[in-house]
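First up is the structure itself, then whatever we jot down about it.
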Amino acid sequence: EASQAQAFTFLVRDQRLGANVGSAQGPTGLGKYLMRSPTGEVIFGGETMRFWDLRAPWLEPLRGPNGLDLSRLKKDIQPWQERRSAEYMTPAPLGSLNSVGGVATEINAVNYVSPRSWLATSHFVLGFFLFVGHLWHAGRARAAAAGFEKGIDRDFEPVLSMTPLN
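So for the sequence shown, the working numbering puts the first residue at 31; every next one is plus one.
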């Protein structure tokens, strides 16, 4: 699972930078790197807790009797596990709103934007303009009803001096 791989990758990186992964808390007060599953096992923290029962070949050697083993996480992580987990970190699917199919500064960047993103963005922008148009019209209509919107003087319109069509 991509989220488990990401949690593992950041755990490895931050542990190298000196973080105490066993006790670090995130902004929610839950474990930033590690927490407990509903059954009491030690699992990766954060968003990835939804997939806490993952069994992956790079993760299993780090498990103990109660889930992830803190001493193994601190001492026994091998380079092959880091590489393998990084392979699981997949990008968002090209159809999803989270995907950035290419770099926005590329010459051909417009072709990297998915139709779903085009539709979502265009409908939001057009909807916004429709909303502003309604506000504009409401203001003009109220002003006209109150009598201080001058408008066109209808008494001298050319069409009034023309013969009816039928």
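Even for Gly, the Cβ is constructed at its ideal location relative to N, Cα and C.
**Request:** Check each candidate in 111, 187, 154 and 183 and name the one with the smallest Cα separation from residue 87.
**Result:** What you label residue 87 is simply residue 57 of the sequence shown in a count that begins at 1. The candidate whose alpha carbon is nearest that of residue 87 is 111.
**8 Å contact criterion, which residue 116 and residue 32 should meet: CB distance rounded** = Here residue 116 refers to the residue found at position 86 when the sequence shown is read from its first residue. Here residue 32 refers to the residue found at position 2 when the sequence shown is read from its first residue. Contact flag wrong, Cβ pair sits at about 10 Å.
**Message:** What does the alpha-carbon distance come out to for the pair residue 165 and residue 42?
**Reply:** As a first step, residue 165 is located in the sequence shown; it is residue number 135 there, counting from the start. As a first step, residue 42 is located in the sequence shown; it is residue number 12 there, counting from the start. One C-alpha to the other measures close to 54 Å.
**Prompt:** Opposite residue 94 in the DSSP bridges: which residues?
**Reply:** Residue 94 sits at position 64 when you count from the first residue of the sequence shown. Beta-bridge pairing links residue 94 to 97.
**Asked** Where do the N-terminal and C-terminal ends of the beta strand (DSSP E) with residue 72 fall, by residue?
**Response** On the sequence shown, residue 72 is found 42 positions in, with the first residue counted as 1. Taken as a continuous stretch (DSSP letters only), the beta strand (DSSP E) holding residue 72 covers 72 to 74.
**Message:** Quick check on residue 146: does DSSP put it in helix, strand or coil?
**Reply:** Stepping through the sequence shown from its first residue, residue 146 is reached at position 116. Reduced to three states, the DSSP call for residue 146 is helix.
**Prompt:** DSSP on residue 64, reduced to helix/strand/coil?
**Reply:** Looking up residue 64 in the sequence shown gives position 34. Correct three-state label for residue 64: strand.
**Item:** Helix, strand or coil at residue 34 [DSSP, three-state]
**Value:** By one-based count along the sequence shown, residue 34 stands at place 4. The answer is helix: DSSP assigns residue 34 an H, G or I state.
**Asked** Expressed to the nearest angstrom, what Euclidean distance is found between the alpha-carbon atoms of residue 185 and residue 192?
**Response** Translated into positions along the sequence shown, residue 185 becomes position 155. Translated into positions along the sequence shown, residue 192 becomes position 162. Going from the Cα of residue 185 to the Cα of residue 192 covers about 13 Å.
**Selection from 121, 54, 48 and 97 that minimises the alpha carbon distance to residue 68** = As a working note, residue 68 is residue 38 in the sequence shown. If we check each option's Cα against that of residue 68, 97 comes out closest.
**Asked** Which of helix, strand or coil does DSSP assign to residue 111?
**Response** As a position in the sequence shown, residue 111 is number 81, starting the count at 1. Here residue 111 sits in helix by DSSP.
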